[in-house]
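>
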Amino acid sequence: MANRTPLPFDSTADRRTSPLSVGESAPDFDLPDTVCGSTIRLSGLQGESVLLVFFRGTWCPYCRKQMDVLTTSQPRLIAAGIQTLGIVCQSAGSVERYLRDHPIPFPLLVDETRAAAKQYGVHYWLSREGFNLANPSLFILDREHRILFAYRGKNMSDLPVAAVLDKFVGLLEDPSCRE
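For reference, each letter of the sequence shown is one residue, going 1 to 179 in the working numbering.
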C-alpha cells in the first residue's frame with residue numbers, strides 16, 4: 001500500500017466554492033458528450049436557452065431520479081426551445097456503461113477534471129479521502145447565456161424537483177425572454 005498523507009478532515013462547507021449568481025454570464029466550457037460521442041462547447045449553443053444540470057454521478061440514486069424527471073420533461077423543454085445539458089464528474093467509461101442500460105434523451109457531458117464544476121462554483125471535497133464531486137445543481141440560462149436561475153442543492157438528496165423546473169420553464173416560455 002502506498003504511503004499517503006491523509007488530507008486533514010474538514011467539512012464540505014469549508015472546501016466549497018461560491019456558486020454563480022443570477023444575472024452573471026455563464027462560463028464557457030468544452031466537454032465530451034457520452035450520449036452522442038461528440039464534444040459540446042456552451043458557446044456553440046449561443047442563441048439557445050439552456051438548462052444546465054450538474055449531477056454527482058450516475059452512481060447516485062438521487063441523481064438517477066433527477067435524470068428520470070428530466071427525461072420525462074424533455075418534450076416540454078424541447079417545445080420551449082430549451083436545450084438540456086447534464087454534467088457528471090466521473091470517468092467517461094463509467095458514464096458510458098450506465099447509459100447502455102439507462103439511455104437518456106439529452107447530452108450527458110463528462111467533467112472528469114471538475115473544471116466546469118469549479119467554474120460554476122458547485123465543486124466540493126468530500127471526506128478525508130479526498131473525493132471531489134459536483135454538488136447537485138441547476139442553472140437556467142437565457143439565449144445569451146446569462147443565468148436566469150441558479151439552484152445549488154444543500155446535500156446529495158436536495159435536487160430541484162419537477163415543480164421548480166415547471167416554474168422556470170414557464171419563465172423561459174415567456175415571449176419576452178426570446179427576444
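Glycine included, every Cβ here is placed at the ideal spot set by N, Cα and C.
Tell me whether A79 is buried or exposed, calling it buried when 16 or more other Cβ atoms sit within 10 Å of its Cβ.
So A79 ends up on the exposed side.
> Are there 16 or more other CB atoms within 10 angstroms of the CB of A105, so buried, or fewer, so exposed?
Looking at the sequence shown, residue 105 is not Ala but Pro. Per the 10 Å Cβ criterion, exposed.
> Ends of the alpha helix (DSSP H) at L99?
Segment 92-101, the alpha helix (DSSP H) holding L99.
> Considering only C-alpha positions, which residue in the set S43, R143, Y120, E144 is nearest to V53?
If we check each option's Cα against that of V53, Y120 comes out closest.
> Go through its chain and collect everything with a Cβ distance to S137's Cβ below 8 Å, but skip five positions before and after it.
Once the five neighbours on either side are set aside, the close Cβ partners of S137 are P19, V53, F54, Y120, V122, A150, Y151, R152, G153.
> Can you tell me whether Q46 is buried or exposed, with buried defined as 16 or more other CB within 10 angstroms of its CB?
Exposed.
> Suppose you measure from the CA of V69 to the CA of A115; what does that come to, to the nearest Å?
For V69 and A115, the distance between alpha carbons rounds to 26 Å.
> Can the beta-carbon of P50 be found closer than 7 Å to that of L109?
Just to set this straight, residue 50 is Val in the shown sequence, not Pro. Cβ atoms of V50 and L109: not closer than 7 Å.
> To which residues of the same chain is L139 closer than 6 Å at the C-beta, ignoring the five residues directly before and after it?
Checking the sequence shown, residue 139 turns out to be Phe, not Leu. Excluding positions up to five away in sequence, the list reads L52, I147, A150.
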